[in-house]
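Notes for the one structure printed next.
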Amino acid sequence: MFPDWETLPYDSFSPHQDIVSQRLETLFRFTQQGEGIFIVPVNTLMQRLAPTDYLAKYLLMLNKGDTLDRDQFRRNLEQAGYLHVSQVMSHSEFSVRGSIIDLFPMGSDQPFRIDLFDDEIDSIRYFDTETQRSGEAVNEISLLPAREFPTDKEAITLFRQQFLEKFDANNASESVFFQVSKGTMPSGVEYYLPLFFEKTATLFDYLHPKSLLLLHGDVQDASEFFWADVQERYEQYR
1384 MFPDWETLPY DSFSPHQDIV SQRLETLFRF TQQGEGIFIV PVNTLMQRLA PTDYLAKYLL
1444 MLNKGDTLDR DQFRRNLEQA GYLHVSQVMS HSEFSVRGSI IDLFPMGSDQ PFRIDLFDDE
1504 IDSIRYFDTE TQRSGEAVNE ISLLPAREFP TDKEAITLFR QQFLEKFDAN NASESVFFQV
1564 SKGTMPSGVE YYLPLFFEKT ATLFDYLHPK SLLLLHGDVQ DASEFFWADV QERYEQYR
C-alpha cells in the first residue's frame, strides 16, 4: 500500500511521520525491486513525487565495523532532515550520548542503537523506545531521508528561486517562503515539494514499463473531484 498523506491540499498540517516513513520505504522498494503488488489511491497517484534518483542520493548506509566520524555523521543526518533530540521516540529522530547513537530511520519499523568503540561501529541493535532497552543485533542498516524532498542549502536555494518565479515574495515571519528560506520546514510544506527539485516524477516513473494496472471504481470521477479540490484550495490560499 502506498498511503495518502491524509491531509487536504495546501493544508497547514504535515502528514504524520509514520505515513511519510511508509511512503519513502515503498518508493525505495520500487527502485530496488521493480515488482510487486501495490495499492494506490487515485489522489495519491496524481501527486508529484521526488525524482527516482532522490532516495539513492540521500541514502545513508551503516555497517558493523565501519569507521564513523560522529560529528560528520550528525551533520549528514541533519542534512537528510533528521532531528536531534534528547530521547528518540519517533521516526526521523536521533540522539548522541557519548559513544551511543540512537536513531529511528525512515522506512524502518524499529529504532536502532549504535555503540561505538573509538570511531568504529562496535554493534548495531534494535531498541525499545518505551523501556530504552537494547535488543537483537544486526550487521547493517539503511537510513532513508527524513522527508520526500531535500532540505539542504542547494535545495532551499532552488526553492526560493522557483517560488519567486511563481508567487510574490512574502517575508512575513509565518510565511512558507520566509520559514523555508531560514532553513525551517513549516507544517504543510509538503505541498510545495515540486519547488525543491528541477524536475519531479510521478508514481508511474517508479514502476516497471511492463507493469499491469488494474483500476477499481470510478477513477475518472475521483480524479476530477481531487483536481477540482486542489484548484479551489490553491486559489483560496495563494
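Basically the numbering used here = 1-based index in the sequence shown + 1383. Idealized CB from N, CA, C, for every residue including glycine.
Within the same chain, and ignoring the five residues on either side of Asn1446 in sequence, the residues whose Cβ sits closer than 6 Å to its Cβ are Glu1523. Bounds of the alpha helix (DSSP H) holding Arg1412 are Gln1400 to Gln1416. Contact check for Phe1532 and Ala1433: beta-carbon distance about 6 Å, within the 8 Å limit, so the pair qualifies.
Counting only residues of its own chain and dropping the five nearest sequence neighbours on each side, Ala1555 has a CB closer than 7 Å to the CB of Phe1561.
About 5 Å separates the CB atoms of Thr1534 and Gly1464; that is less than 8 Å, so the two are in contact. Comparing C-alpha distances from Arg1480 to each of Pro1488, Asp1601, Arg1496 and Met1472 shows the shortest one belongs to Arg1496. Here Thr1409 has Phe1385 as same chain residues with Cβ atoms under 6 Å from its own Cβ, once five neighbours each way along the sequence are excluded. For Asp1505, the enclosing beta strand (DSSP E) starts and ends at Glu1503 to Phe1510. For Asp1612, the three-state secondary structure derived from DSSP is helix.
Straight through space, the alpha carbons of Asn1426 and Pro1392 are spaced by roughly 10 Å. In the structure shown, Thr1540 adopts helical secondary structure according to DSSP, grouped into three states.
For Leu1445, the pairing in a beta bridge is given by DSSP as Ile1524. Bridge pairing for Ser1478: Asp1485 [DSSP].
Ranked by how close their Cα comes to the Cα of Tyr1589, the residues Ser1397, Ala1439, Asp1401 and Tyr1617 have Ala1439 in first place. Per DSSP, the beta bridge partners of Asp1498 are Ile1483 and Ser1506. Per DSSP, Arg1431 is not a residue of any alpha helix (DSSP H), being assigned neither H nor E. The beta carbon of Glu1389 sits closer than 7 Å to those of Pro1398 and Ile1402, all from its chain and outside the five residues before and after it, given in chain order. Looking only at His1467, Gly1448 and Leu1541, the smallest Cα-Cα distance to Asp1502 is reached by Gly1448.
Looking at the backbone, the Cα of Gln1493 and that of Leu1596 are separated by about 32 Å.
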